[in-house]
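*Asks:* My questions will all concern the structure given below.
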Amino acid sequence: MPIFEKSTAVKTSETAPKGEVRIAGWLLFLSLLVFVLILWGGVVRLSGSGLSIPDWPLINGSLLPPMSDGEWQAVFESYQKVTPPSFVETPMAEFKKMFWIEYGHRFLAALVGIVFLAVFVRGFRNIYLRRQVGAHLIFAAILLVGQALLGGVVVKEELKGELVAAHLGTAFWFFGVLLWMALKLSRIEGAILERSGRKGLVLLAWAATVFVFIQIVSGGLVAGSRAGMVFNTFPKIGDFWIPPAHVLWSSVYQPAINNVFQNQILIQFFHRWWAFAAAGLVIWVHVMALKVSTTPRARLAARGTAVFIVLQIILGIGNLMMKAPFGMSLAHLATGLSLFALMVILTYEIRFRHESQPARYEAAAA
0 MPIFEKSTAV
10 KTSETAPKGE
20 VRIAGWLLFL
30 SLLVFVLILW
40 GGVVRLSGSG
50 LSIPDWPLIN
60 GSLLPPMSDG
70 EWQAVFESYQ
80 KVTPPSFVET
90 PMAEFKKMFW
100 IEYGHRFLAA
110 LVGIVFLAVF
120 VRGFRNIYLR
130 RQVGAHLIFA
140 AILLVGQALL
150 GGVVVKEELK
160 GELVAAHLGT
170 AFWFFGVLLW
180 MALKLSRIEG
190 AILERSGRKG
200 LVLLAWAATV
210 FVFIQIVSGG
220 LVAGSRAGMV
230 FNTFPKIGDF
240 WIPPAHVLWS
250 SVYQPAINNV
260 FQNQILIQFF
270 HRWWAFAAAG
280 LVIWVHVMAL
290 KVSTTPRARL
300 AARGTAVFIV
310 LQIILGIGNL
320 MMKAPFGMSL
330 AHLATGLSLF
340 ALMVILTYEI
350 RFRHESQPAR
360 YEAAAA
């Protein structure tokens, strides 16, 4: 089937009212806050700070951090009850560092919630905003509440791998919805919506974005289950290109579906090879997007995706072979988040061309 078809274009050169563009700015600011929050969550995981505050949402009955030696000791004893035996002898000074990392993560999450609440209220008080992004705001609110509750469950369940992955995936989803709304409320003057001419290309962009999202969630599962530590060879997994079926789907895990969440070999195998499937789609979209007339934002995003997908694969292989050093692991997360952001931008913008550019339609077989 053709990727490009003869189109019916609809001019959307009118921009959002000036006052509403400010809301787009706030949504972009909120997206940046969530970007930082996700990276900070990576620091929490990599530093082993996730259980330094074992209570949620309070800290020994208070929202405030410990103020006295007695309060610090009480929180420290709560931590010792849930931490692995090898961490029980953690010095108080080291524990305090971990505590502040986790507390900072919670504080920033609360700040995101407050800013989003202000944007949400403003959105539903304004008829234009309600019409444009009302449904998106409701969905984002559901994701935010779910994410907060999931964060509590992650702590209560002592960082189970599948919950860590779900927590990461929900954060990325929330980030994507915020970014989509910011794009929608900051339309480029002169943008022309291609109603039907790019259905194939838009679907391809959506598919690539979904593949990247799945790869990110599987990365959360790798991190949460420590699957990255079982084999640190590449391209083979130990001696195998493809481990035996009874290893990938082991009877040790019952019920069998638990292989998906607990079988470290299966988790690593999926993550390392799904990356190349996602990369193939991203490069395909990159090539096709640069063949059509589109907006400057779309062209910039298309170029960025090619750079970041290559960088992400290099970091992923390095992370695997070097056993996930702190800096490289955090860079891997940041690059994945940047790639996801670029895919969201490209998927939104690829539907438009600029009125200064002629329409071009190149037939290409799918």
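Residue numbers (numbering that gives the first Met the number 0): 0 to 365. Where a beta carbon is used, it is the ideal one built from N, C-alpha and C, also for glycine. Because the structure is a prediction, the values reported are computed rather than measured.
So, helix, strand or coil for R352, using DSSP?
*Replies:* As a working note, residue 352 is residue 353 in the sequence shown. Correct three-state label for R352: strand.
*Asks:* Please confirm whether A165 and T346 have their CB atoms less than 8 angstroms apart.
*Replies:* What you label residue 165 is simply residue 166 of the sequence shown in a count that begins at 1. What you label residue 346 is simply residue 347 of the sequence shown in a count that begins at 1. Not a contact, by the Cβ cut-off of 8 angstroms.
*Asks:* Apart from the five residues on each side of it in sequence, which residues of its chain come closer than 6 angstroms, Cβ to Cβ, to P242?
*Replies:* As a first step, residue 242 must be located in the sequence shown, where it is residue number 243. Contacts found: I236, I264.
*Asks:* Out of G223, K155, R129, V111, which has the shortest C-alpha to C-alpha gap to L142?
*Replies:* As a first step, residue 142 must be located in the sequence shown, where it is residue number 143. Checking every option, the nearest Cα to that of L142 belongs to V111.
*Asks:* Sort out for me which residues DSSP pairs I22 with in a bridge.
*Replies:* For the purposes of this step, residue 22 is taken as residue 23 along the sequence shown, with counting starting at 1. I22 is not bridged to any residue.
*Asks:* Between V81 and E157, which are expected to be in contact by the criterion C-beta below 8 angstroms, what is the C-beta distance as a whole number of angstroms?
*Replies:* Counting from 1 along the sequence shown, the entry for residue 81 is found at position 82. Counting from 1 along the sequence shown, the entry for residue 157 is found at position 158. Right, their Cβ atoms sit about 6 angstroms apart.
*Asks:* Please go through the same chain and pick out, in chain order, the residues whose beta-carbon is closer than 7 angstroms to the beta-carbon of Q131, but skip the five residues on each side of it.
*Replies:* Mapped onto the sequence shown, residue 131 falls at position 132. Cβ contact annotation for Q131 (same chain, cutoff 7 angstroms, sequence separation greater than five): K183, L184, in chain order.
*Asks:* Kindly confirm or deny that the region 52–71 and the region 209–217 touch, where touching means at least three C-beta pairs closer than 8 angstroms.
*Replies:* Touching, no, given that fewer than three Cβ pairs across the two stretches are closer than 8 angstroms.
*Asks:* How big is the Cα-Cα spacing for I344 and R302?
*Replies:* Numbered from its first residue, the sequence shown carries residue 344 at position 345. Numbered from its first residue, the sequence shown carries residue 302 at position 303. Between I344 and R302, the C-alpha separation is close to 12 angstroms.
*Asks:* Report yes or no: do the region 41–54 and the region 91–99 share at least 3 C-beta pairs separated by less than 8 angstroms?
*Replies:* yes
*Asks:* Per DSSP, S61 forms a beta bridge with which residues?
*Replies:* The residue labelled residue 61 in the question sits at position 62 within the sequence shown. S61 is bridged to I58.
*Asks:* Count the other CB atoms within 10 Å of the CB of E318; is the residue buried (16 or more) or exposed (fewer)?
*Replies:* If you number the sequence shown from 1, residue 318 lands on position 319. A small correction: the amino acid at residue 318 is Asn; Glu does not occupy that position in the sequence shown. When all chains shown are included, N318 counts as buried.
*Asks:* Taking 7 angstroms as the cut-off, is the CB of T334 close to at least one heavy atom of the ligand SAM?
*Replies:* The ligand content of the structure shown is nil, which means the ligand SAM is not present either.
*Asks:* Please report the straight-line C-alpha distance between T304 and A340, rounded to a whole angstrom.
*Replies:* Numbered from its first residue, the sequence shown carries residue 304 at position 305. Numbered from its first residue, the sequence shown carries residue 340 at position 341. Their Cα atoms are separated by approximately 9 angstroms.
*Asks:* First and last residue of the alpha helix (DSSP H) that includes I157?
*Replies:* Within the sequence shown, the letter at position 158 stands for residue 157. Note that residue 157 is Glu in the sequence shown here, rather than Ile. E157 -> no alpha helix (DSSP H), and no H or E assigned at all.
*Asks:* On a Cα-Cα basis, can you pick out the residue from R21, L32, W39 that is closest to A330?
*Replies:* The residue given as residue 330 occupies position 331 in the sequence shown. The shortest Cα separation from A330 among R21, L32, W39 belongs to W39.
*Asks:* Taking the DSSP output, what are the residues bridged to V236?
*Replies:* Counted from its first residue, the sequence shown places residue 236 at position 237. In the sequence as displayed, the identity of residue 236 is Ile instead of Val. Answer by DSSP bridge pairing, in chain order: F239.
*Asks:* Would you give the residue range spanned by the alpha helix (DSSP H) that V216 belongs to?
*Replies:* As a working mapping, residue 216 is identified with position 217 in the sequence shown. Taken as a continuous stretch (DSSP letters only), the alpha helix (DSSP H) holding V216 covers 198–224.
*Asks:* What are the start and end residues of the alpha helix (DSSP H) that includes L299?
*Replies:* Mapped onto the sequence shown, residue 299 falls at position 300. Run containing L299: 295–320, per the alpha helix (DSSP H) assignment.
*Asks:* Helix, strand or coil, according to DSSP, for Y252 in the structure here?
*Replies:* Residue mapping note: residue 252 aligns to position 253 of the sequence shown, counting from 1. Y252: coil per DSSP, three-state reduction.
*Asks:* So the candidates are F230, V221, R197, S328; which of them puts its Cα closest to the Cα of E348?
*Replies:* Along the sequence shown, one-based indexing puts residue 348 at 349. Looking at the Cα atoms, R197 is the closest of the given residues.
*Asks:* Using the rule of at least 16 other Cβ atoms within 10 Å of the residue's Cβ for burial, across every protein chain shown, is M228 buried or exposed?
*Replies:* Here residue 228 refers to the residue found at position 229 of the sequence shown. Exposed, by the Cβ-count rule.
*Asks:* Would you grab the beta carbon distance between S337 and L178 for me? Rounded to a whole angstrom, and I think it's under 8 angstroms.
*Replies:* On the sequence shown, position 338 is the one that residue 337 refers to. On the sequence shown, position 179 is the one that residue 178 refers to. Their Cβ separation, rounded to whole angstroms, is 12 angstroms, which puts S337 and L178 out of contact at 8 angstroms.
*Asks:* What residues in its chain sit with their C-beta under 7 angstroms from that of A278, if we drop five residues either side in the sequence?
*Replies:* Translated into positions along the sequence shown, residue 278 becomes position 279. Correct list, in chain order: I308, I312.
*Asks:* Cα-Cα, which of W240, V259, F239 is closest to W248?
*Replies:* Taking the first residue of the sequence shown as 1, we reach residue 248 at position 249. Checked all of W240, V259, F239; the closest Cα to W248 is V259.
*Asks:* Taking the C-alpha atoms as reference points, what is the distance between L373 and A274?
*Replies:* There is simply no residue 373 to check, as the chain begins at 0 and stops at 365 in what is shown.
*Asks:* Could you have a look at A147 and say whether DSSP puts it in helix, strand or coil?
*Replies:* Sequence index remark: in the sequence shown, residue 147 carries index 148 (1-based). Correct three-state label for A147: helix.
*Asks:* Could you give the C-beta distance for G122 and L128, rounded to a whole number, given that I count them as a contact under 8 angstroms?
*Replies:* Mapped onto the sequence shown, residue 122 falls at position 123. Mapped onto the sequence shown, residue 128 falls at position 129. Sure, about 4 angstroms apart at Cβ, within 8 angstroms.
*Asks:* Could you give the DSSP three-state label for K96: helix, strand or coil?
*Replies:* The sequence position of residue 96 within the sequence shown is 97, counting from 1. DSSP places K96 in helix when its eight states are reduced to three.
*Asks:* Candidates D238, S77, A255, A300: which alpha carbon is nearest P53's?
*Replies:* Translated into positions along the sequence shown, residue 53 becomes position 54. P53 has its Cα closest to that of S77, out of D238, S77, A255, A300.
*Asks:* Going by DSSP, what residue range makes up the alpha helix (DSSP H) through V246?
*Replies:* If you number the sequence shown from 1, residue 246 lands on position 247. That run of the alpha helix (DSSP H) goes 244–247.
*Asks:* With DSSP as the reference, label G47 as helix, strand or coil.
*Replies:* As a working note, residue 47 is residue 48 in the sequence shown. G47 falls in the coil class under three-state DSSP.
*Asks:* Can you name, in chain order, every residue of its own chain whose Cβ lies under 7 angstroms from the Cβ of M321, other than the five neighbours on each side?
*Replies:* Here residue 321 corresponds to residue number 322 of the sequence shown, with the count starting at 1. Within the same chain, M321 has close Cβ partners M327.
*Asks:* Is the separation between the beta-carbon of G145 and that of S224 shorter than 8 angstroms?
*Replies:* Here residue 145 is taken as the residue at index 146 of the sequence shown, counted from 1. Here residue 224 is taken as the residue at index 225 of the sequence shown, counted from 1. Going by C-beta atoms, G145 is not nearer than 8 angstroms to S224.
*Asks:* Given this structure, state the Cα-to-Cα distance separating R186 from L167, to the nearest angstrom.
*Replies:* Locating residue 186 in the sequence shown gives position 187, where the first residue counts as 1. Locating residue 167 in the sequence shown gives position 168, where the first residue counts as 1. Roughly 29 angstroms between the two C-alpha positions.
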